[in-house]
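First comes the structure, then the notes that go with it.
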Amino acid sequence: MRKIVATVLAALAMGSAVAVPASAAPTGVHSQCGKYICVMTAHHNRFVQDITVRTTDGLPGTLRSYWGNYHSPKVNAASHRWEVGYEQAGSKLVCGGLERDGRSIEDGICVTI
C-alpha cells in the first residue's frame with residue numbers, strides 16, 4: 004500500500020511540474036545594485052515579465068523604472084508586471100532611478116537581459 008501511495012504522489016508531483024508552460028517560467032532573475040537602489044527583473048530570454056526597483060538604505064524617495072518604450076511614473080514603490088510573451092524589440096536594458104527632494108540621487112542602474 005505504501006508503494007502505491009508513494010507512486011501516486013510521485014506521479015502527481017511530476018504532473019504538476021510538467022503542467023507549467025515553458026513560456027511562463029522565467030529563465031533569469033537578475034539584479035544590479037548601485038549605492039542607493041537595486042533594480043531586479045524576471046525575464047524569459049528577451050521577454051521581460053517583471054521589474055522591481057527598491058532603495059537599499061530604506062529611506063523614502065521617488066522611484067522609477069524603464070525598459071524600451073516603457074517608463075513608469077514616479078512612485079514610492081516601483082514594480083511592474085507584464086503578461087507572459089510581451090516583448091520590446093531591441094530593448095536589452097532594464098533600468099531604474101531614484102529621486103529625493105526633487106534631485107536625482109541615482110539613475111541609470113541597469114540590468115542587461
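4 is the number of the first residue of the sequence shown in our numbering; add one for each residue after it.
Every residue, glycine too, gets a C-beta built ideally from N, C-alpha and C.
On a predicted model such as this, the values are computed, not experimentally measured, just so you know.
Any idea if residue i is buried or exposed, counting beta-carbon neighbours within 10 angstroms, 16 or more meaning buried?
i: Ser68; result: buried
i: Gly31; result: exposed
i: Leu62; result: exposed
i: Val97; result: buried
i: Thr59; result: exposed
Report the option in the options whose CA atom is closest to the CA atom of residue i.
i: Gly93; options: Ser107, Asn48, Asp104; result: Asn48
i: Val51; options: Pro76, Arg57, Arg84; result: Arg84
i: Gln91; options: Asp104, His74, Glu102; result: His74
i: Arg57; options: Cys36, Gly111, Val114, Gly105; result: Cys36
Grab me the residues of residue i's own chain with a C-beta within less than 7 Å of its C-beta, minus the 5 sequence neighbours each way, in chain order.
i: Lys38; result: Glu109
i: Ser107; result: Gly100
i: Ser26; result: Only weak support exists for where Ser26 lies, its pLDDT of 49 falling under 50; the coordinates are left without a value.
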